[in-house]
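Residues 24 to 358 (my numbering) are what the sequence shown spells out, left to right.
Glycine is no exception: its CB is placed at the ideal position from the N, C-alpha and C atoms.
Just so it is clear, the structure is predicted and the values come from calculations on it, not from any experiment.
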Amino acid sequence: MAKRKTDEYIFADAFIGCFSRNLMTRKDLSRVIASRDLDAADVILKEYGYGDSQDLKNGDVEAFIRREQNNLFDLIYNTLPERKELAFMLFPFDYHNIKVCLKAEILGVTPDDNYLISSGDTDMMKTVVMVKERNYDFMPPLMKDAIKEATDLYGRSGDPQDIDIVLDKACYRQMLEAAEETDEEFLVTMVKTKIDTLNLKAFARLKRLKKPWAFLQRVFIDGGFIPWNLFMTGYEESLTQLADKFAPYGYGDVMAEGGKLLSETGQFWLFEKLCDDRLMAENRKAKYELFGINPIAGYWYGKELEIDNLRLILTGKLLDAPAEAIEERVREPYV
24 MAKRKTDEYI FADAFIGCFS RNLMTRKDLS RVIASRDLDA ADVILKEYGY GDSQDLKNGD
84 VEAFIRREQN NLFDLIYNTL PERKELAFML FPFDYHNIKV CLKAEILGVT PDDNYLISSG
144 DTDMMKTVVM VKERNYDFMP PLMKDAIKEA TDLYGRSGDP QDIDIVLDKA CYRQMLEAAE
204 ETDEEFLVTM VKTKIDTLNL KAFARLKRLK KPWAFLQRVF IDGGFIPWNL FMTGYEESLT
264 QLADKFAPYG YGDVMAEGGK LLSETGQFWL FEKLCDDRLM AENRKAKYEL FGINPIAGYW
324 YGKELEIDNL RLILTGKLLD APAEAIEERV REPYV
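This is the structure we're talking about:
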C-alpha cells in the first residue's frame, strides 16, 4: 500500500481535530464518577458529545457502549481517504468473531449476536458464513491459515484454548504486517507496544498460576519490542525483581508497582492498568503531529480508551461500587 501524501489528510485531520476537543480529561471522568446515578452521568456526558441515551436510563451500559463504539468507527471511516489505511485496528474484532464461530460450531449452536461484534473490518454475518462453509476466497492468507491450524489443533487436543492461542498470534501478526505496509513508524510502534503489553499480562498471570514457562512460550506473541529471552530467563524471578530488567522498555513501574500489589494481594488490576497507561503514553505522541494519518489514529485509540473508561465507570456506578475504587482503576486518558 503506497503511503499517502500528508496533504491528502488535510480535511480528515481538520474534521477529526474538531472532535478531539470533546475528549474527556481525567478531571472530566472524575465528574462522571462523582455523579449520583446513571441519569446524572448521562447529563454530564452530553457535554462531551454523547447523545441522549435511553440505554443508560434503562441501566443497559453495554448497549450504550456498543452504540458509542459504532459511532466512533463510522466517524473514522466516513472521514479517512481510504478505509484500509487503518483497517488493521479492527482486526481483533474480526478474529473475535472467528473464535465465536468456531466455538459455536464445537457446541453445535448458531453463533449468537450477543457474542459477535458488528464493528470489525469484515461484516460479522459474512464471517459467520465464511467460517461455516470454510470459504476462504475472501480471507487474507494469514487468517485462512490460522483457522485451519486452530481447527486441526483443537481436533487433536480437544482444548478450546488452542483456538484462542492460534488466532491471537495470527491476529497480531496480521496487524503488524498491515501497520508496516503504511510505512508509518508511529503505527508500527503502537502495534508492537500492544503486543508487549499482551505478553506482559500473560507473563504475570501465568507466573501467578505457577504454569511452566513452556506454556508461556505457547501463548507468546512475536513482534513486540521486548525479546522472548527476557521473559524466559526471568520466569523464575518475582515481578518486582524484574523491574530493572524491563525498565529500558518502559515497564519498570509496571513490574515494581503492579507486581508488588499482585504478589501481596493477588489483585491484577494495577498491573493491567499500568500496561494500558504505557500504551497510552506511546499513543499521546500523535497529539504533536498536526497532519497525516497519525493524529487520526491517535484520536481513534484515545476515544476508544475513553469509551472503555466509561464502561468501567458506568458499570461501577450500576453496581454501587465505591467512587474511590472506580477512580483508581480508570486508565490515563488521551488528553
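Please state if the CB of PHE209 and the CB of LYS308 are separated by a distance shorter than 8 angstroms. The residue you call residue 308 lines up with position 285 of the sequence shown. The residue you call residue 209 lines up with position 186 of the sequence shown. In this structure, the beta-carbon distance from LYS308 to PHE209 falls below 8 angstroms.
Roughly how many angstroms lie between the CA atoms of GLU105 and ARG157, to the nearest whole one? In the sequence shown, the residue the question calls residue 105 occupies position 82. In the sequence shown, the residue the question calls residue 157 occupies position 134. Each residue's alpha carbon lies about 29 angstroms from the other.
Between the stretch 114-121 and the stretch 133-146, do three or more beta carbon pairs fall short of 8 angstroms? yes
Report the rounded CA-to-CA distance for ALA37 versus LYS80, giving the unit in angstroms. Taking the first residue of the sequence shown as 1, we reach residue 37 at position 14. Taking the first residue of the sequence shown as 1, we reach residue 80 at position 57. Cα to Cα, the separation comes out at about 34 angstroms.
Tell me where the alpha helix (DSSP H) around MET255 begins and ends. For the purposes of this step, residue 255 is taken as residue 232 along the sequence shown, with counting starting at 1. Unbroken alpha helix (DSSP H) run through MET255: 251-256.
Supposed close pair MET278, PHE269 - CB separation, criterion 8 angstroms: In the sequence shown, the residue the question calls residue 278 occupies position 255. In the sequence shown, the residue the question calls residue 269 occupies position 246. That pair is a contact at about 5 angstroms.
CB-CB under 7 angstroms to SER53, same chain, minus the five flanking residues each way: which ones, in chain order? Here residue 53 is taken as the residue at index 30 of the sequence shown, counted from 1. Around SER53: GLU350.
Starting from the Cα of ALA67, find the closest Cα among GLU347, THR220, VAL211, VAL55 and give me that residue. Stepping through the sequence shown from its first residue, residue 67 is reached at position 44. The sequence given here places Ile at residue 67; Ala does not occur at that position. Checked all of GLU347, THR220, VAL211, VAL55; the closest Cα to ILE67 is VAL55.
Taking C-alpha atoms, which residue in PRO345, PRO356, VAL358, ARG354 lies nearest to SER58? Stepping through the sequence shown from its first residue, residue 58 is reached at position 35. Nearest of PRO345, PRO356, VAL358, ARG354 to SER58, Cα basis: PRO345.
Boundaries of the alpha helix (DSSP H) in which ASN222 is found, first to last residue: Here the question's residue 222 lines up with position 199 in the sequence shown. Taken as a continuous stretch (DSSP letters only), the alpha helix (DSSP H) holding ASN222 covers 208-231.
Does the distance from the CB of PHE314 to the CB of THR102 come in under 8 angstroms? The residue labelled residue 314 in the question sits at position 291 within the sequence shown. The residue labelled residue 102 in the question sits at position 79 within the sequence shown. Result no, Cβ atoms of PHE314 and THR102 do not sit closer than 8 angstroms.
Three-state secondary structure (DSSP) of PHE314: Counted from its first residue, the sequence shown places residue 314 at position 291. PHE314: coil per DSSP, three-state reduction.
Rounded straight-line distance, which links the Cα of LYS283 to that of LEU262: Mapped onto the sequence shown, residue 262 falls at position 239. Mapped onto the sequence shown, residue 283 falls at position 260. In a straight line, the C-alpha of LEU262 is about 7 angstroms away from that of LYS283.
Check whether the Cβ atoms of ILE316 and GLU207 sit closer than 8 angstroms, and answer yes or no. Reading the sequence shown from its first residue, position 293 is the one you call residue 316. Reading the sequence shown from its first residue, position 184 is the one you call residue 207. Cβ distance < 8 angstroms, so ILE316 and GLU207 count as in contact.
Report the rounded CA-to-CA distance for PRO318 versus LYS107, giving the unit in angstroms. Your numbering for residue 318 matches position 295 in the sequence shown. Your numbering for residue 107 matches position 84 in the sequence shown. The alpha-carbon atoms of PRO318 and LYS107 are separated by roughly 16 angstroms.
Are there 16 or more other CB atoms within 10 angstroms of the CB of ILE129, so buried, or fewer, so exposed? Locating residue 129 in the sequence shown gives position 106, counting from the first residue. Only exposed fits ILE129, as fewer than 16 other CB atoms lie within 10 angstroms of its CB.
Of the residues ILE188, ALA201, GLN264, GLU203, the one placed nearest ILE244, counting alpha carbons only: As a first step, residue 244 is located in the sequence shown; it is residue number 221 there, counting from the start. Closest by alpha carbon: ILE188.
Within a Cβ cutoff of 8 angstroms, which residues of the same chain sit near ALA64, ignoring the five residues on either side of it in sequence? Residue numbering aside, residue 64 sits at position 41 when the sequence shown is read from its first letter. Excluding residues within five positions, the ones whose Cβ falls inside 8 angstroms are VAL55, SER58, LEU79, ILE336, LEU337, LYS340.
Can you say whether GLU295 is buried or exposed, counting buried as having 16 or more other CB atoms within 10 angstroms of its CB? Here residue 295 is taken as the residue at index 272 of the sequence shown, counted from 1. Buried.
Neighbour-count burial assignment, THR150, 16 or more Cβ in a 10 Å radius: Residue mapping note: residue 150 aligns to position 127 of the sequence shown, counting from 1. Counting Cβ neighbours within 10 Å, THR150 comes out buried, since at least 16 surround it.
Using only CA atoms, which one of PRO356, LEU333, ARG352, ASP343 lies nearest to GLY321? Walking along the sequence shown from the start, residue 321 turns up at place 298. Checking every option, the nearest Cα to that of GLY321 belongs to PRO356.
What's the call for GLN184, buried or exposed, on a 16-neighbour Cβ count within 10 Å? In the sequence shown, counting from the first residue as 1, residue 184 sits at position 161. By the neighbour-count rule (16 or more Cβ atoms within 10 Å), GLN184 is not buried but exposed.
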